[in-house]
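Asks: Numbers given in this note's numbering equal positions in the sequence shown, counted from 1, plus 110.
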Amino acid sequence: MRYFTDKTIYITGAASGIGFESAKQLIKQGAHLVLFDVQPLDDALSALQGLNKHNASISTYELDVTDAEMTSTKIATAAAQCPPDILMHFVGITGPWTFDKMSQAQFERVMHINLFGTRNVLAAVRPFLERGDQVMVTASMSSFTGSYGYSSYSASKFAIWGMMQSLNYEWKPLGIDITVFAPPPIDTPLTQSEVGVMDAAGVGMKKLAGELNIEEAVKSMLKGVENRSFLVVPGVMANLIRLQLRFFPVSWVNWIGNKAAAFSAKK
């Protein structure tokens with residue numbers, strides 16, 4: 111028996127990327143999966159059924175997390191059948207535009223999906239969480255430090271970090287543990303969508319944190335959930351940057367960032 115065996119795990123953003131990889135690793139451990147995504151889940155379901163050696167249950171729901179009413183309804187429907195032991199929330203989009211090139215609609219879309227979508231999922235699942243249950247929310251290294259071309263994305267992820275710290279104070283005494291997954295760039299369709307869109311300076315600054323293999327990143331996240339860790343930051347370079355942010359003056363951090371952006375822009 112492994113930690114996730116026979117646990118019911120709700121996964122948002124399960125059709126692709128980190129959500130799908132998490133579902134693959136969890137089904138191999140015998141977890142029961144409840145999958146949500148605005149994208150079709152047929153291909154993901156077929157792949158997971160091929161890995162389902164423990165005859166765990168798998169159910170799917172179409173879900174747009176920006177629709178608060180739909181989110182509440184779909185999660186309540188799922189919980190009536192099988193309430194969650196763990197929520198893993200992965201839905202998010204990138205925003206690889208400089209502030210001067212970004213429209214108001216682009217900025218608002220990033221905030222609606224990343225921030226308000228996270229809030230909607232948490233509010234919808236909260237009535238079904240009991241003592242001992244867990245919540246894992248995906249943030250980013252951009253929750254702690256800005257980056258060239260990431261003003262909308264960083265704004266959304268900074269807000270998620272603050273929200274989850276506050277919820278930890280509120281829910282921890284009730285026996286509900288929170289994990290915040292804050293990775294550097296991971297090779298997923300999300301990061302691939304930035305190719306040809308993000309300016310060279312932004313690409314260069316992202317490379318400072320290093321790009322992680324998706325399988326290893328998910329293993330780190332799952333280990334953090336198993337240990338009931340509040341913060342999981344995978345990757346050596348990402349942790350060095352995190353330490354720099356904690357122990358060096360902001361003026362030093364900004365100097366390094368400005369130099370990195372200037373150097374990358376010249377390439």
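Using N, Cα and C, we set each Cβ at its ideal position, and we do this for glycine too. Because the structure is a prediction, the values reported are computed rather than measured.
I need the boundaries of the alpha helix (DSSP H) containing Thr228, first residue and last residue.
Replies: As a first step, residue 228 is located in the sequence shown; it is residue number 118 there, counting from the start. Taken as a continuous stretch (DSSP letters only), the alpha helix (DSSP H) holding Thr228 covers 227 to 235.
Asks: Using the Cα positions of Gly202 and Leu232, report the straight-line distance between them to the nearest angstrom.
Replies: As a first step, residue 202 is located in the sequence shown; it is residue number 92 there, counting from the start. As a first step, residue 232 is located in the sequence shown; it is residue number 122 there, counting from the start. Gly202 and Leu232: Cα-Cα distance of roughly 14 angstroms.
Asks: What number of angstroms, rounded off, separates the C-alpha of Lys138 from the C-alpha of Val290?
Replies: Within the sequence shown, residue 138 is the residue found at index 28, counting from 1. Within the sequence shown, residue 290 is the residue found at index 180, counting from 1. Rounded to the nearest angstrom, the two C-alpha atoms are 23 angstroms apart.
Asks: Would you identify the three-state DSSP class for Val148, choosing helix, strand or coil?
Replies: In the sequence shown, residue 148 corresponds to position 38, counting from 1. In the structure shown, Val148 sits in coil (DSSP, three-state: anything other than H, G, I, E or B).
Asks: Buried or exposed for Tyr260, going by 16 or more other Cβ atoms inside 10 Å?
Replies: Along the sequence shown, one-based indexing puts residue 260 at 150. It is buried - the Cβ of Tyr260 has at least 16 other Cβ atoms within 10 Å.
Asks: For Glu172, which option in Lys184, Asn165, Thr208 has the closest C-alpha, if you only look at C-alpha atoms?
Replies: Position 62 of the sequence shown holds residue 172. Ranking Lys184, Asn165, Thr208 by Cα distance to Glu172 puts Lys184 first.
Asks: Give me the DSSP bridge partner(s) of Phe291.
Replies: Taking the first residue of the sequence shown as 1, we reach residue 291 at position 181. Partner(s): Thr248, Val342.
Asks: Given Glu131, which residues of its chain have a CB within under 6 angstroms of its CB, disregarding the five upstream and five downstream residues?
Replies: Position 21 of the sequence shown holds residue 131. Contacts found: Ile324, Val328.
Asks: Counting C-beta neighbours from all protein chains within 10 Å, is the total for Val360 16 or more, i.e. buried, or is it exposed?
Replies: Counting from one through the sequence shown, the residue named residue 360 turns up at place 250. Result: exposed.
Asks: By DSSP, does Leu173 sit in helix, in strand, or in coil?
Replies: Against the sequence shown, residue 173 aligns to sequence position 63. Leu173 falls in the coil class under three-state DSSP.
Asks: What whole-angstrom Cβ distance do Asp243 and Asp174 have, given they're in contact under 8 angstroms?
Replies: Here residue 243 refers to the residue found at position 133 when the sequence shown is read from its first residue. Here residue 174 refers to the residue found at position 64 when the sequence shown is read from its first residue. With 8 angstroms as the limit, Asp243 and Asp174 do not qualify as a contact, their Cβ atoms being about 24 angstroms apart.
Asks: Locate the beta strand (DSSP E) running through Met198, then write down its first and last residues.
Replies: In the sequence shown, the residue the question calls residue 198 occupies position 88. Run containing Met198: 196 to 199, per the beta strand (DSSP E) assignment.
Asks: Under a Cβ-count criterion, where at least 16 other Cβ atoms within 10 Å of its own Cβ denotes burial, should Thr385 be classed as buried or exposed?
Replies: With the chain covering only 111 through 377, there is no way to say anything about residue 385.
Asks: Can you tell me whether Ala124 is buried or exposed? The criterion is at least 16 other CB atoms within 10 Å of its CB, across all chains shown.
Replies: Numbered from 1 along the sequence shown, position 14 holds the residue referred to as residue 124. Around the beta carbon of Ala124, a 10 Å sphere encloses 16 or more other beta carbons of the protein chains shown; the residue is thus reported as buried.
Asks: Please look up how many angstroms separate the CB atoms of Ile288 and Val245, rounded, as I've assumed it's under 8 angstroms.
Replies: Within the sequence shown, residue 288 is the residue found at index 178, counting from 1. Within the sequence shown, residue 245 is the residue found at index 135, counting from 1. Indeed, because the Cβ distance is near 5 angstroms, the residues count as touching under 8 angstroms.
Asks: According to DSSP, simplified to helix, strand and coil, what is Thr118?
Replies: If you number the sequence shown from 1, residue 118 lands on position 8. It is a strand residue.
Asks: Keeping to the same chain, check which residues put their C-beta closer than 8 angstroms to that of Lys117; ignore five residues upstream and five downstream.
Replies: Translated into the one-based positions of the sequence shown, residue 117 becomes position 7. So the list reads Ala141, His142, Asp195, Ile196, once near-sequence residues are dropped.
Asks: Quick one: grab the DSSP three-state call for His164.
Replies: For the purposes of this step, residue 164 is taken as residue 54 along the sequence shown, with counting starting at 1. Look at His164 here: in three-state DSSP terms it is coil, with no helix or strand label.
Asks: Determine the DSSP secondary structure at Ile270, reduced to helix, strand or coil.
Replies: Your numbering for residue 270 matches position 160 in the sequence shown. Of the three classes helix, strand and coil, the one that applies to Ile270 here is helix, per DSSP.
Asks: Assuming Ile119 and Thr176 make a contact with CB atoms under 8 angstroms, what is their CB distance in whole Å?
Replies: Reading the sequence shown from its first residue, position 9 is the one you call residue 119. Reading the sequence shown from its first residue, position 66 is the one you call residue 176. Going by Cβ atoms, the distance from Ile119 to Thr176 rounds to 23 angstroms, so no, they are not a contact pair.
Asks: Does Leu322 come out as helix, strand or coil in the three-state DSSP assignment?
Replies: Looking up residue 322 in the sequence shown gives position 212. Correct three-state label for Leu322: strand.
Asks: Can you tell me the Cβ-Cβ gap for Val220 and Ser250, rounded? I've got them flagged as a contact below 8 angstroms.
Replies: Your numbering for residue 220 matches position 110 in the sequence shown. Your numbering for residue 250 matches position 140 in the sequence shown. So it is not a contact: roughly 12 angstroms between Cβ atoms.
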